[in-house]
Structure formats: C-alpha cells, structure tokens
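Number of protein chains: 2
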Amino acid sequence: MTHQEDFHGHIAYIPERKHIVEALQRIRPFVHRTPVLTCSAIDGMLDARVFFKCENFQKVGAFKYRGATNAVQSLPDHLAELGVATHSSGNHAAALSLAAAVRGIPAHIVMPENASASKKAAVHSYGGRITYCAPTLQSREETLAHVLQASGAIAIHPYNDERIISGQATAAIELFEDVADLDIVLTPVGGGGLLSGTALAARYVSPRTSVIAAEPEGADDAKRSFHAGHIIPSVSPNTIADGLLTSLGEKTFAVISRFVSDIVTVDDATIIRAMRLVWQRMKIIIEASAAVPLAMLLDKGIDASGLRIGIIISGGNTDLDKLPWMEHRMDIE
Amino acid sequence: MTHQEDFHGHIAYIPERKHIVEALQRIRPFVHRTPVLTCSAIDGMLDARVFFKCENFQKVGAFKYRGATNAVQSLPDHLAELGVATHSSGNHAAALSLAAAVRGIPAHIVMPENASASKKAAVHSYGGRITYCAPTLQSREETLAHVLQASGAIAIHPYNDERIISGQATAAIELFEDVADLDIVLTPVGGGGLLSGTALAARYVSPRTSVIAAEPEGADDAKRSFHAGHIIPSVSPNTIADGLLTSLGEKTFAVISRFVSDIVTVDDATIIRAMRLVWQRMKIIIEASAAVPLAMLLDKGIDASGLRIGIIISGGNTDLDKLPWMEHRMDIE
C-alpha cells in the first residue's frame, strides 16, 4: 500500500496496481465474469455508445460480492476460522454471508430489527447469522462490537477497507478488458467502494478514461464532500436509490478526491425513469441505485454526445412486489 | 421443400435442412446472436442443468424477429417493394414492422381497436402502419384482405409459413452450437412456429435431443391436437400467457405431429411463479409465455433429474405497470 497523508493528516492506504491484479486472480474462481451489454435504443437517445457492465448478474445480484470475496479469501486461516462480521442490511450483508459460506466460515450480520423481510431472508438464505439491533447507528456499532468480542470474528467494513476497494475494482478491470477506448466510466456512489475501485482501475489500466460518479440529489454528500475537499457526512438522505444512503469513508475519500473527475447529481424522478427504461428496452432487472448513472446521462448531467461510455450496473436486487414507478404513479395520481 | 401428405390429405411443406441453414445466413446480419444463460439456483431446484437461450434479448424483445426477418429478407425485390402485411397485436406485429423498416418497405398491421396502448405504441415505434378492425377473427381477416388488395402488400402469417418456421428454427441452431449434448429442448407453444422450427433444428443438427413443448392448461389445444392427430382449434382460451392463445396451423402441425416428442401442460399459478423466479434469481425480464417451459419443469411435468435441458426463452415484452404476481396476490388476498 502507498501511504499518503490526506487533508486531515490521516494516513490513507491506497491500493496499488498489484493489489488489484492479485484481487482479480484471487476472486476469479468464485465470481461470475459478468457480461457487457449494449442497447441501440439508449445509444440513440444519448447520441453515444454506452457499455453496461452487468453486475446485476453477479452472485448475490450485486458487485458487492467481489469485495466481500476478496476480503474473505485474503484472510489467513488462523484469522478466518472464527468468521467475519459486519453491520449492514443491504447487498454487503448478503455478499459477506455467501463469501464466508464459500470459505466454510461463519458470517455474523448485525441488522436493524426493522429491516425488510426480503433482506432478512436473503442474508438467511446465504447462511449469514443475524443479530438484530435497534435501527440507529449507535446501536449497530455497539451490537457489532459485542458480536466481535463474543465471536472473535474479523470485522469487514462494507467499503472503507482496502481489500473491499481492490475487489470492487475488478469489475472495471474486466470492463476495460472487454471494451477498448472508453472515454468515461460512470458508477453510482454511496460509501464509495465501487467508485474508488473503479477510479484506481482506470488509473492503472486505462489512464485516458475519466471516472465520474452519479449521485441522487437527495443523498448528495459525496458531491459536497468532493467539492469541499473533506468528508461531509450524509444527514437524513432521502432517495429511491436506497443503496446509496451512506457517507464516504476516509479510505474511499482518499482515492475519490484524487482520482475521480467529477460527481454529478440527478433527481429521483429521472432515476426511476432510467430504471424503467433499462427494464423495458434491455429486458434486465436493475435496482434503483444502479440506474443513477444512466439517469444522469438522460438528464444531460454531462455532455455525452459522441463518447464511448462504460456504466457499472451495480446490482439487481429490488422488491418485485413494489416497483418505484408504481409508487411514483400513485404519488401523482 | 419436401411435400408430405398430412392426415387430412393436405400437402404440407416441411422446411429442409438447407432452408434453415439459408435462413441463418440470411438473417445473421440483422438479428442479435442472443446469449445462453444458466442459473445455479434453478439447477439446484430441478437437479438438472438448464440452458436458457435468451430471445427476450432479441430485437423487438422476442424470437419473432427471426422469422419476420427471414420472410422479409427472402422476398424478391419486385414482390417486396409494395410491402408486407399481417393481422396481429402481439410480437409478430412489432417484429414484422421492424423487419420491413430495415428493408425499407412498408408494413401494414391490422390490429383490433381494443389492443392495449403499449402494443399499439410498439408497432408504431417500429414504423408499422396500423389499420384498426373490430376484435373478431372475421373482422381481422376481412380487414387484412382489404389492406392486401388496396396496398398490393404480401401477407406474412405469424407462424403458418415455411419462411417463418425456418427463421424461428435459427434460435435452436444457435443453442446447439453453444451447448453440446442437450437431452431435451423445451419451448412454449401457441401457433407452433417456434416449436416446429425447434423440432426441425434438433432433427437436422442434434437428432439425439428430444423436443418437448409446454403449454398453459387454459390454452391446451396443441396438446389435444397432438394426441388427437389432427388440429383442434383453440376455443375461448384463458391464460396469463397471452402469447399462446392461437391455434396450430397446418404447416406447424405437420412438423409438430411428426417430430415433437410430447406436449405437457401447466397451470397459470405455476407459470407466474416460474416467471417471478427468473426475474428474482436471473435478473432478466421474461414474459409470462416464456416462463411456461420452466413452470412445467417446476411442476414435474417431465422427469428432468440429471438431464441437460435447453429452454428457448421466447420473449420479454410485458406490461411493467401490471405484473401478474400482483394481480395474482390481489386475487388471493
């Protein structure tokens, strides 16, 4: 790891090229090499060529399985045997549960008791051991500390971890292997694991490619942090893109502040329209968070015309009984 | 074409191997070579290896574009120039519209005036010229006859046409190229274009593979025709699989009665469950009609255990505002 001092004097560890190459080799036996899809109708709408790297087809339905697998598989045996732990109710919880099950070790997942039945069921189906907590950050952290002490498990943070960042970088590495001469790669941004990994992947293997993030207007802390030059925590975020509610971490921010070209926001109505457009025209299921980059392009957040653009489709886990355009329709009717 | 007398003394023309090979060469520049996907969760549920040939990713979202393209592209210029025509409100209408647009000729589509707005919009978006008729078979046929006389266009039947059958056969040809040693290939059956094409493809390039059709219980005319040895028309069919309402034609029946191993029915509740399972686990959008073969397997309509099974996913066009499991939930609540 290179050691660089960030704006607050903290030491930030930025994964080097070799860490990402090692991550790719380490996780390759365990993850799907996801396809890159295109859609002439969407290209026509944008006057651009868009290449969708479909991590919605990844195991557990999200790119998160890459980072979780890299973290779990890189633990030495004597640390791994007591298991791993995290607090999360989303894709990281499912990803860590399956990654641990594949290695044959326990995964302890701290989840708020009000998490949806489908999220509890997903973690359970992948073998995660759930400990419930109150739905506050304080309760999550205290409960996780207790679980760590009782189990001896290793904590794996959802994004503020070099092993996670290196694992998430592998999606963009594969995209660059499959598609030459990309002008821009877009990702959504929540905690910044996918964004920072993608930025490093571009820097190391396709330095002419700019990396730009798209973020919901209702959770624009990453954009504000990027422009302020320090982390501004997310307070009361409100967006349909429920995978993007968290704040940046110091490790992801250290990468993002240096290697990302811009962060551009878009509103929820456009996110829902982009999500529906992909379902309708591409016949693939993507979650709202994954639709944010395309929404930003539809909204002309950047000038895409004539460019070759990669988009990392972050995941496809959505409640099929409650689709956002139906809620939205009800709102306006 | 080989000429064979069918059970009623009609002459049935069965496409030969060379017609299918020519169809594949003819349409290749115009159609997507669709991917074959697998799903370990579904394999586990069935104790089988299932290979999904994803024609939901085909242009216009359905295999129908293959047959329509083969028919349109095989017309000599002097016949093509006045255009093509059909009566259909479904995927064939959209497919013929786009196939004609690609060749630069008009497509006249006769549709019942009560067709859904989304179906009208689809045909319109591909450049089809719509003539409305009353929602009866008699009105459809009379209106089409009038359109043909007024325009000089060539009628292209949705399935009872050798060019259509040969075009639909190309999906299975590609599947056999990509996946070796299939024990069974499954398709849904409505008018029988996809089923008869698939049966011929298997006979010509993978004769050890059995071809079996899956059909909704509420539209079981193909099963009854198959067992009776003559076409029994579909009367008042009622199923969520709205692409499978039509009766077999004499040309499709001539192939199906000779080269298909069996036709097995399944109920709508299981079709909806299979459709939702594919959306949930594979993250791809398939229409209800496309879910019928998987539903039949889930229902143990045949013994699949230990087998390698291909399924042609026929299409992905569905109303995203009105999903069948939501209607179904309302029914039982």
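So the protein lines, in turn, are chains A and B. Under the numbering used here, think of the first position of the first sequence as 4, with each following residue one higher. Under the numbering used here, think of the first position of the second sequence as 4, with each following residue one higher. All C-beta atoms, glycine included, are put in the ideal place defined by N, C-alpha and C.
Looking only at A:G130, A:L147, A:G131, the smallest Cα-Cα distance to P138 of chain A is reached by A:L147. A straight line joining the alpha-carbon of V263 of chain A with that of A65 of chain A spans about 22 Å. The count of Cβ pairs closer than 8 Å, one atom from the stretch 170 to 189 of chain A and one from the stretch 229 to 243 of chain A, stays below three, leaving the stretches out of contact. The residue among B:A51, B:K62, B:V269 with its C-alpha nearest the C-alpha of E218 of chain B is B:V269.
From the beta-carbon of D324 of chain A, the residues of chain B found nearer than 9 Å are L326, W328, M329, R332.
For G313 of chain B, the uninterrupted beta strand (DSSP E) segment begins and ends at 311 to 316. DSSP lists B:I112 as the beta-bridge partner residues of T89 of chain B. Taking the Cβ atoms as the reference, S199 of chain B lies roughly 17 Å from A222 of chain B, outside the contact range of under 8 Å. For I45 of chain B, the enclosing alpha helix (DSSP H) has its first and last residue at 43 to 49. The continuous alpha helix (DSSP H) containing I23 of chain A extends over residues 20 to 30. In terms of Cβ geometry, R132 of chain B and V113 of chain B do not form a close pair [threshold 7 Å]. Taking L82 of chain A as the centre and dropping the five residues before and after it, the same chain places the C-beta of I157 closer than 7 Å to its C-beta, in chain order.
When 7 Å is used as the limit between beta carbons, K286 of chain B is near these residues of chain A: N59, F60, G64, I287, I288, G319, in chain order.
Relative to A44 of chain B, the option among B:H35, B:V267, B:F54, B:S209 whose CA is nearest is B:F54. By the Cβ-count criterion, G196 of chain A is buried, with 16 or more other Cβ atoms from all chains shown falling within 10 Å of its own Cβ.
N320 of chain A has its alpha-carbon roughly 43 Å from the corresponding atom of H22 of chain B. Along the length of the stretch 131 to 173 of chain B, whole beta strand (DSSP E) runs at least 3 residues long occupy 132 to 136, reported in chain order. The continuous alpha helix (DSSP H) containing S228 of chain A extends over residues 224 to 231. Y16 of chain A carries a strand assignment under DSSP once its states are collapsed to helix, strand and coil. Residue state for P79 of chain B is assigned as coil, using DSSP reduced to three classes. Around F179 of chain A, the same chain offers V208, S209 as residues with beta carbons nearer than 6 Å, after the five sequence neighbours per side are excluded. For the C-beta of P38 of chain B, the chain A residues within less than 8 Å are, from N- to C-terminus, P38. Taken through DSSP and simplified to helix, strand or coil, S100 of chain B comes out as helix. Linking A294 of chain B to G47 of chain B through their CA atoms gives a straight-line distance of about 18 Å. Distances from the alpha-carbon of L78 of chain B to those of B:R29, B:P115, B:D324, B:A97 put B:R29 closest.
DSSP, reduced to helix, strand and coil, places D271 of chain A within a helical segment of the structure shown.
Fully contained in the stretch 182 to 230 of chain A are the following alpha helix (DSSP H) runs of length 4 or more, in chain order: 196 to 208. The alpha-carbon of H95 of chain A is positioned some 6 Å away from that of K67 of chain A.
Put simply, of A:W282, A:V188, A:P240 the residue whose alpha carbon is nearest the alpha carbon of I176 of chain A is A:V188.
Inclusion of V39 of chain A and K56 of chain A in the CB contact set at 7 Å is warranted, their separation being smaller than that value. Within chain B, not a single residue places a beta-carbon under 8 Å from that of R276 of chain A; the smallest gap is close to 12 Å. With distances taken between CA atoms, D271 of chain B lies nearest to B:L301 out of B:A205, B:A97, B:L301.
Shown here for D184 of chain B: same chain residues with a beta carbon closer than 7 Å to its own, the five before and five after excluded, namely R311 in chain order. DSSP places R52 of chain B in the uninterrupted beta strand (DSSP E) bounded by 52 to 57.
Counting every other CB atom within 10 Å of its CB across the protein chains shown gives A98 of chain A a total of 16 or more, marking it as buried.
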